[in-house]
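Asks: Per the numbering used here, the sequence shown starts with residue 13, numbered consecutively. Questions regarding the structure given below will be posed in turn.
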Amino acid sequence: MPVISVANPKGGAGKSTAALVVGTTLASKGATVTILDCDPNQPIAAWGKGQERPGLRVLSEISEREIISAIDAESAERQFVLVDLEGTASRMVSRALSRSDLVLIPMQASAVDAAQAARAVGLIREEEQVIRRPIPYRVMFTRTSPAIPTRAEKAIVAEMQRNGITVLSTHLNERAAFKALFAYRHTLAELDPEKVSGVPAATENANKLAGEVVGVVRQLIKGEAA
Ligand SMILES: Nc1ncnc2c1ncn2[C@@H]1O[C@H](COP(=O)(O)OP(=O)(O)OP(=O)(O)O)[C@@H](O)[C@H]1O
Ligand SMILES: [Mg+2]
13 MPVISVANPK GGAGKSTAAL VVGTTLASKG ATVTILDCDP NQPIAAWGKG QERPGLRVLS
73 EISEREIISA IDAESAERQF VLVDLEGTAS RMVSRALSRS DLVLIPMQAS AVDAAQAARA
133 VGLIREEEQV IRRPIPYRVM FTRTSPAIPT RAEKAIVAEM QRNGITVLST HLNERAAFKA
193 LFAYRHTLAE LDPEKVSGVP AATENANKLA GEVVGVVRQL IKGEAA
């Protein structure tokens, strides 16, 4: 079933957070999900260590040699496979991209980050040439304010669209609850709303984002989206 990689050569773009939020949200809706933690810091492996969650499997310490077989084995068995990649261009990243049905490129809404996201799209284009098939991707804005978008943010979105870069309409907003997932090693549903502010709003944001990602994947399977 669909393999969704989360990639951006820029460090700290929000890849691991996005992979964890989307993966745990899909599992909370009853899907079988594997997250392959290919971030050298292994944040999702540390998050899930020693804990069992229904529908969710986290695999880590996957080498460059093993990545393709790991992706193939999990996608044969599970409804969704998410691959959290490292923040550099590497052979590991390129192998994961080559096996992806969709690549999510998280980026913050700044001009500097937009340039880095364009680099991420460039890496996907190179990989497409190698494997001779299109690799669909979507840029996903992260850490934006849940309030009305700023003018600068709108200008960046417009500029990316002008350059033919496809952007998800749902952002992963800046929320204490998303940071708290790693701090407490909890899912959104497990967080204590007394200790962490904005859990319901973060959950709503996560549901909307996961819903949009699933919609894109469904369209891709039907051959309706590029
Ligand atoms: N939506 C968000 N709300 C609040 N904090 C966030 C959000 N997204 C990311 N962060 C914080 O930003 C930092 C970087 O995020 P994250 O680790 O997800 O990025 P990354 O792209 O995986 O980094 P790396 O390239 O190092 O793997 C972390 O401290 C994380 O908690
Ligand atoms: Mg990471």
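Cβ coordinates follow ideal geometry from the N, Cα and C atoms, glycine included.
#1: In angstroms, rounded to a whole number, what distance separates the CA positions of Y149 and R77?
#2: Count the other C-beta atoms from every protein chain shown that fall within 10 angstroms of the C-beta of N175, then say buried if there are 16 or more, exposed otherwise.
#3: Between L203 and A189, is the Cβ-Cβ spacing less than 8 Å?
#4: Measure the beta-carbon distance from A252 to L116 and round it to whole angstroms, keeping in mind my assumption that it falls under 8 Å.
#5: Starting from V95, follow its DSSP beta bridges and name the residues at the other end.
#6: Compare the Cα-Cα distances from L68 to each of E140, D49, E165 and report the closest residue.
#7: If you follow the alpha helix (DSSP H) that P118 is in, where does it begin and where does it stop?
#8: How do the stretch 117-136 and the stretch 80-93 stand: do at least 3 beta-carbon pairs fall below 8 Å, yes or no?
#9: Return helix, strand or coil for N53, following the three-state DSSP convention.
#10: Quick check on DSSP: helix, strand or coil for T248?
#11: Just confirm the distance between the C-beta atoms of T46 and L200, as a whole number of angstroms; I'd bet it's less than 8 Å.
#12: Need the endpoints of the beta strand (DSSP E) that R69 sits in, please.
#13: Kindly indicate which three-state DSSP category N185 falls into: helix, strand or coil?
#14: Is L184 near ligand 1, with its Cβ less than 7 Å from a heavy atom?
#15: Indicate the three-state DSSP secondary structure (helix, strand or coil) for T156 in the structure shown.
#16: Buried or exposed: where does E86 fall if 16 or more other Cβ atoms within 10 Å of its Cβ makes it buried?
#17: Just to confirm, is the Cβ distance from N277 to M172 under 8 Å?
#18: Would you give the residue range spanned by the alpha helix (DSSP H) that Q231 belongs to?
#19: Sort E64, A130, V18, E165 by Cα distance to A39 and report the nearest one.
#20: Where does R111 sit, in a helix, a strand or coil, going by DSSP?
#21: Take the Cβ of P212 as the centre, count every other Cβ of all protein chains shown within 10 Å, and call the residue buried at 16 or more, exposed below.
#22: Is it the case that the Cβ atoms of I80 and R131 are separated by a distance below 8 Å?
Replies: Looking at the coordinates:
#1: Distance between the alpha carbons of Y149 and R77 is about 24 Å.
#2: Around the beta carbon of N175, fewer than 16 other beta carbons lie within 10 angstroms, which makes this residue exposed.
#3: Yes, these two residues count as a Cβ contact at 8 Å.
#4: What is shown of the chain runs 13 to 238, which leaves residue 252 out entirely.
#5: Bridge partners of V95: S17, L48.
#6: A check of alpha carbon separations from L68 across E140, D49, E165 identifies D49 as the nearest.
#7: In the DSSP assignment, P118 falls outside any alpha helix (DSSP H) and lies within the beta strand (DSSP E) extending over 114-120.
#8: The way I'd put it, the stretch 117-136 doesn't touch the stretch 80-93; fewer than three beta-carbon pairs between them come closer than 8 Å.
#9: Reduced to three states, the DSSP call for N53 is coil.
#10: Not covered by the structure: residue 248. The range shown for the chain is 13 to 238.
#11: The beta-carbon separation of T46 and L200, rounded to 19 Å, does not stay under the 8 Å limit for a contact.
#12: Residues 68-71.
#13: The DSSP-derived three-state label of N185 is strand.
#14: At least one heavy atom of ligand 1 is nearer than 7 Å to the Cβ of L184, so yes.
#15: In the structure shown, T156 sits in a strand (DSSP, three-state: E or B).
#16: With 16 or more other Cβ atoms within 10 Å, it is buried.
#17: Coverage of the chain is limited to positions 13 through 238, which leaves residue 277 absent and any answer about it impossible.
#18: Counted as a single uninterrupted DSSP element, the alpha helix (DSSP H) harbouring Q231 occupies residues 211-234.
#19: Nearest to A39 by alpha-carbon distance, out of E64, A130, V18, E165, is E64.
#20: In this structure, R111 counts as coil in the three-state DSSP scheme.
#21: Exposed, by the Cβ-count rule.
#22: Their beta carbons are not under 8 Å apart, which means I80 does not touch R131 by this criterion.
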